[in-house]
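Letter 43 of the sequence shown, counting from 1, is numbered 49 in the working numbering, and no numbers are missing.
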Amino acid sequence: MTIKRCHHHGFTVSNIDRSLAFYRDGLGLECLRVSPRRDLPSYDQILGYPNVALTVALLRHPTDEFLLELIQYEQPEGKPRPQENAFIGASHLAFDVEDVDALYERLCDAGFEAINPPVDIERDGAVVARAVYVLDPDGISVELFQEA
């Protein structure tokens, strides 16, 4: 038995609409669907909560198979947790982009924040990339990475 491919990455979010403004409108992912998930015993079993109620948005990159699942818990109610990168279990999502500075500016103009402005990444004295960590509405780190 082997893993065939990575199917999707999921984030729990506090508000689907705010997150769609970032991932769909800001980053350009295509929204395939937004759907409620209620009264589904299989979800209770998988997630380990009784009477789970969720709203799920499924997005994809327009030119590849990458899927991003955004999950807003209604029952049980979603709870914030520290999103700092040094916390055990923290994760980030990284996108290879054409122009990191232009996308950074677009996101900042739309009111989103970054940890710091884009920086050159050096290895063995040579610039190999340019990158920035921007924050989604819930403080989840999203890396924008441009190879040199």
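Even for Gly, the Cβ is constructed at its ideal location relative to N, Cα and C.
Original post:
Quick one, are the C-beta atoms of Tyr55 and Pro82 less than 8 Å apart?
Top reply: In this structure, Pro82 lies closer than 8 Å to Tyr55 by Cβ.
**OP:** Could you spell out where the beta strand (DSSP E) holding Ser147 opens and where it closes?
**Re:** Ser147 -> beta strand (DSSP E) spans 147-153.
Original post:
Since Tyr110 is in the alpha helix (DSSP H), which residue starts that stretch and which ends it?
Top reply: Counting along the chain, the alpha helix (DSSP H) containing Tyr110 begins and ends at 106-115.
Original post:
Quick one: any contact between the segment 103-112 and the segment 61-79, if contact means 3 or more CB pairs under 8 Å?
Top reply: With the cut-off at 8 Å, the segment 103-112 and the segment 61-79 do not touch.
**OP:** Whole angstroms is fine: what's the gap from Asp70's alpha carbon to His13's?
**Re:** A direct Cα-Cα distance of roughly 12 Å separates Asp70 from His13.
Subject >> Residue-chain proximity (Tyr49, chain C), Cβ-Cβ < 8 Å >> reply: In the structure shown, chain C does not exist; there is a single protein chain.
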